[in-house]
Structure formats: C-alpha cells, structure tokens
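Q: To convert a position in the sequence shown, counted from 1, into the numbering used here, add 246.
Each residue gets a CB set at the ideal place from its N, CA and C atoms; glycine is no exception.
Once you've had a glance at the structure underneath, I'll fire off some questions.
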Amino acid sequence: MPKRVKVDAIEFLRGRIYLGVYDNIPQDTDELVHFTIEDSLPYNSFNLDFGPLHIGHLYRFAVVLHNILNEDSNQGKAIVFYSSSDSKQRSNAACLLACYMILVQSWSPHQVLQPLCQIDPPFMGFRDAGYSHADFEITIQDIVYGVWRAKERGLIDLTNFNLEEYEQYERVDQGDFNVIYNNFIAFASPQQSPKSSSLNQPFKKVLEYFVKNDVQMVVRLNSHLYNKNEFEKKGIQHLDMIFDDGTCPTMDIVKDFIGVSEGVIKNGGKIAVHCKAGLGRTGCLIGAHLIYTHGFTANECIAYMRMIRPGMVVGPQQHWLYLHQNQFREWKFTMVLDNQPLERLNGFTTLISYEDFKKKKQLEQNKNSPSTPTRRKISIGTTNLHKSVHKAVPMESPGQPRKTSPQRARHYNVNSDDEDNSYSNKDLNNEEVEAEIYNSKQTPINDENKENPNPTVQYTKTITTTKTTTVTSPPSSKESIQQLLPKQRGSNRVTSGARVRSKLANQTTGSSIIGHGGVKKNTTSRSSSGVQKALR
C-alpha cells in the first residue's frame, strides 16, 4: 500500500491522487506532482452559468491524468490536481475528479462523496443558463449520482466515447447537436431561407449525420424555421409538438412524446428533438423520458444532460421537472401504450392508463365476439314455474343464514299489524292456492262470455282476521281456557282459514298458529246469508 504523504489537499487515493486548492502555482517535489486544467479546458458559458464541465472535458482530463500517472519519473509520487481558490473553479475541479472516479475507476457514489463532504468552505452549486435570477441549483452530489446512474444503465461509456465526433458536432457551424444517449439526439433548430434553394452547411451536416445513424423521427417543438420536407425526403419522419419558448409542456404532450419515442425505439431507430436552441424545451421532454424509462431523479436527470449538452433545462422548467418526477416514474407501472395508432402522431400511439387500456380492450372484444340472442320471455302465471325459472338461472351465493336476514324478518315479523302477511300465496303450492280461493260451498263464478270454450273462473276469498291478546300468566283453570277458544262451527262450513290451519297443523304446534289467519274471533256464529253476501 502506498504511504500517505503530507500535503495540504483532499486525499482520494492514498499516495496517488489528491485534490488541492492554491492561489499560486505550487512547486513539484520528490513526492508530489501538481497539475491543473483551469486554463486549458475552460467552460464556455451562455450567461452566468459556469459549469459543470462537459463529458469532452472529462475525457481530456482523464487522458492528461493517466499520462502523468504513467510517466516513469512520476512512479511512487502523489499527483495533486488543483484549482484556484475561486468558488466556481473549486466546484468544477472537484466535480471533474469525482466523475472521473465514477466512470474510470468505477467507484461508488458514497466513496467519491466522502472526501468532499463537510469541506469548509462548501462547494458552490451550479446554476442554469437562463438570464433570470437563479432559484434552482445542481450540486456535485446530483452530478455524481446522475453520472453513476447513467453508467449503470448503459447510457454512457468512456471506453467507446468518440471525442472527435463530440467536439465537431457540438459546434454551431457543424450542426449544434449532441447524442444524449443511445436513442436521443438534442439539437438546435435548423434554419432555412425561403428564397434560397440550397441548404446551409449546418443543415447539411444534420441531415448527413441523421441518415447515417438511423434517425427515424424528428420532433419539432418551436415555430417553423425550415421546411420539414427536407427530412421527409431523406426518409425521416417529422412531427410537430410545438409549445411556447421558455414554458413547460402539458402532460398530454409528454404522453404523446413518450408514446412516439417508445414506438421508434421498438423499431430500432433514434429520435432527434429540437426547439430554438435545443436546450430548454428539448431538455424537458428528453428528461421526462429519462425519468420514465431509467428512474432518474429530476436533479440527476438535469445534471446528466448538462454533462452531455451544457445549458439544458432552463428556469422554471427545472422546477417543472422536479415537481412531476414522481408522476413520470409512476407512469412506467400505471400506464401503457395504446393499441390504436393515431394519425396526428404519424401512426404511433400515446400513453394511456392501464385501466383505460383494459376498458378499450374489453370493448373491442365485445364488439368482435358474436352476440348471444336474448331468450324470449314466456309469461305463465304458475307459481311452481316461476320458482323453477329462478332456480335455473345462475345466482350469486346468498351467504350464510343469519337471524337478522331480511327474508327471515319478512316471514316471521311478529310485530306486524297485518298478520295475514305471515302466510301469503307465495308460500303455498298450487293445490293450496286452489283450496284457498274457494268459498265454503266451493261455488265458482263463471265468466259472462259464454262463447269462450275455456271460460275464466273468478273466485272471491273471505279472509277472517283475528286480534290476539297475550297474557303474562297461564289461566287458572281449564274452563277459562275453553272460554278463550272459538266455538266449533258446523262440519259443512269450511273456510279458507280452516283449510290453512288444518294444513299447518301437522307442521307446527298449536301455539305457533296463534295470531294467524286460521284463528277465528270469539264471537257468535255468523249466518250463512252473510257468507253468501260476501260471495256476491
């Protein structure tokens, strides 16, 4: 293990790599070698932004560091990477070395952040490239985790990084575009003069690169500055999702964008997205897809995109991405691609909720499946047939019986004033119904229509009600009980109540019949003329 050297710097790798801050140029010794990139790899700012340094800077820094480490004269010496004491320069240097340890040395985020935490003064946060007052910052920790997540997800690999191509196409005169990761390219809007028949050099570079690298879809977010036919003539589809400069997209636009992107990626192609400068609006939609697909946090997403293309996501768009990050992440599990292509999306689909997808799929299945004809309803006025029909139809289980069930309360409602409801025609079979609808002489009343070969027979039913008084103690003698019972009627007078009582006599006890229609009042015998009047 290399020995620890005495140096006024932050130790990353014992005896080998350190991070220092010096206002003056330090002198090399037999144990220490110093170097800086502050003047050779400067950050090209848009306004008041100062970093972080992009991936091209990181690649060049790694080359310089490895060359110093591999020199024969530096074997056994500690290498100190330093910056000036300026707050912006300190943050850029610390961030650059931390990203190197993640991407090249394969350190974990907590190993990288441990030497940088609790440093006094703390490292300055990075702001956006907008012209307004900065109200959102990206820290070194955000950048470290963003780069680490991109590495873990296979979005960035320095071993296959093409530095020459990166530095060429990021220039305005060469197309001003960057490959954010395998499937997405962010670029500034090409411009075309309506009077000129030829394309300018940047537009030609864009078309040439897109055709060569299988870009299948161009999404325009700003007003028209060129003719989209220039892309379509090259076999590249073009789609407009325009919204105002400096603003944030609606959720419908985001769903459409993710749906189109997923369709193009499934076909093996790439998506190129641009607004006026290819920074703000472009960063919103690509960032939403990063969060949706790879689970980035908003800060990690913004940090990673600025490492690839400096200046992405500006002003309130940072807060928009932060506020909706959980929603985009949840869409991966709660939303699916619609199965119905949309003409406005060039035949691609949008995102819809899983519940809506199931409903639409069910409607399609019902529409395509043959319909079963409805059975003709047969109306027959027999009680047993209705019972059979109900038994033939599948029904849900009524559950376990309970004393408090509605059916039980209906048949045995002892508190009801209408006691005749205890035994209704619903509880009797056909024979019992026929016995009940006859009077004591069983004389039918024929229909007046004599021409009908099957005349309808009408009957009149006489129902006798009984009011029952319940006492708290039994009678003292048998004679008193006999006084409470009704007098015996003649055998030739059979009422419906008597028939019902005789039917139930074999099923229930005498006490259970008390209070029902078969018990008669304790009054004098009615005359037969009264019965005849009732039949009329």
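#1: Are the segment 399-411 and the segment 323-330 in contact at 8 Å, needing three or more beta carbon pairs?
#2: Can you give the beta carbon distance from I348 to I554, rounded, assuming they're within the 8 Å contact cut?
#3: DSSP three-state call for I263: helix, strand or coil?
#4: In angstroms with no decimal places, state the Cα-to-Cα distance between Q563 and F382.
#5: So, using beta-carbon positions, are G561 and G492 closer together than 8 Å?
#6: Specify the secondary structure class of E257 as computed by DSSP and reduced to three states.
#7: Pair every Cβ in the segment 522-542 with every Cβ in the segment 388-401, then say whether three or more of these pairs are closer than 8 Å.
#8: For L304 and K605, what's the separation of their Cα atoms in angstroms?
#9: Taking the alpha-carbon positions, what's the S378 to Q387 distance?
#10: Contact check, P448 vs P436 under 8 Å by CB: the rounded distance?
#11: Give a yes or no on contact between the segment 524-535 and the segment 460-478, applying the rule of three or more CB pairs nearer than 8 Å.
#12: Hey, quick one: how far does the beta strand (DSSP E) through V279 stretch, first residue to last?
#13: Could you pull the start and end residues of the alpha helix (DSSP H) that Q564 belongs to?
#14: With DSSP run on the structure shown, which of helix, strand or coil describes C494?
#15: Please name the residue in N428, N429 and F433 whose C-alpha comes closest to that of D419.
#16: Tell me whether R575 sits in a helix, a strand or coil according to DSSP, three-state version.
#17: Per DSSP, what are the beta-bridge partners of A324 in this structure?
#18: So the candidates are I488, M497 and L453; which of them puts its Cα closest to the Cα of K479?
#19: For the beta strand (DSSP E) containing I532, list its first residue and its last residue.
#20: Can you have a look at I271 and say buried or exposed, based on whether 16 or more other CB atoms are within 10 angstroms of its CB?
#21: Using a Cβ cut-off of 8 Å (strictly closer), state whether A434 contacts chain D.
#22: How is V251 classed by DSSP in three states: helix, strand or coil?
#23: Please work out which residues of its chain come closer than 6 Å, Cβ to Cβ, to I256, disregarding the five sequence neighbours upstream and downstream, and give them in chain order.
#24: Which word fits G496, buried or exposed, when buried means at least 16 other C-beta atoms lie within 10 angstroms of its C-beta?
#25: By how many angstroms is the C-alpha of I482 removed from the C-alpha of S443?
#26: Return helix, strand or coil for F449, following the three-state DSSP convention.
#27: To the nearest angstrom, report how far apart F456 and V506 are at their CA atoms.
#28: Helix or strand or just coil, what does DSSP make of K479?
#29: Check whether the segment 270-284 touches the segment 325-335, counting contact only when three or more Cβ pairs, one atom from each stretch, lie closer than 8 Å.
#30: Taking C-alpha atoms, which residue in N545, D285, C341 and L259 lies nearest to L569?
A: Well, looking at it:
#1: no
#2: That pair is no contact at about 15 Å.
#3: strand
#4: 10 Å
#5: yes
#6: strand
#7: yes
#8: 51 Å
#9: 24 Å
#10: 7 Å
#11: yes
#12: L278 to F281
#13: P562 to L569
#14: coil
#15: F433
#16: helix
#17: L278
#18: L453
#19: Per DSSP, I532 belongs to no beta strand (DSSP E); it is in the alpha helix (DSSP H), G526 to H540.
#20: exposed
#21: No chain D is present in this structure, which holds just one protein chain.
#22: coil
#23: L265 and P361
#24: First, the amino acid is wrong: residue 496 is Thr here, not Gly. T496 is exposed by the Cβ-count criterion.
#25: 20 Å
#26: helix
#27: 18 Å
#28: coil
#29: yes
#30: N545
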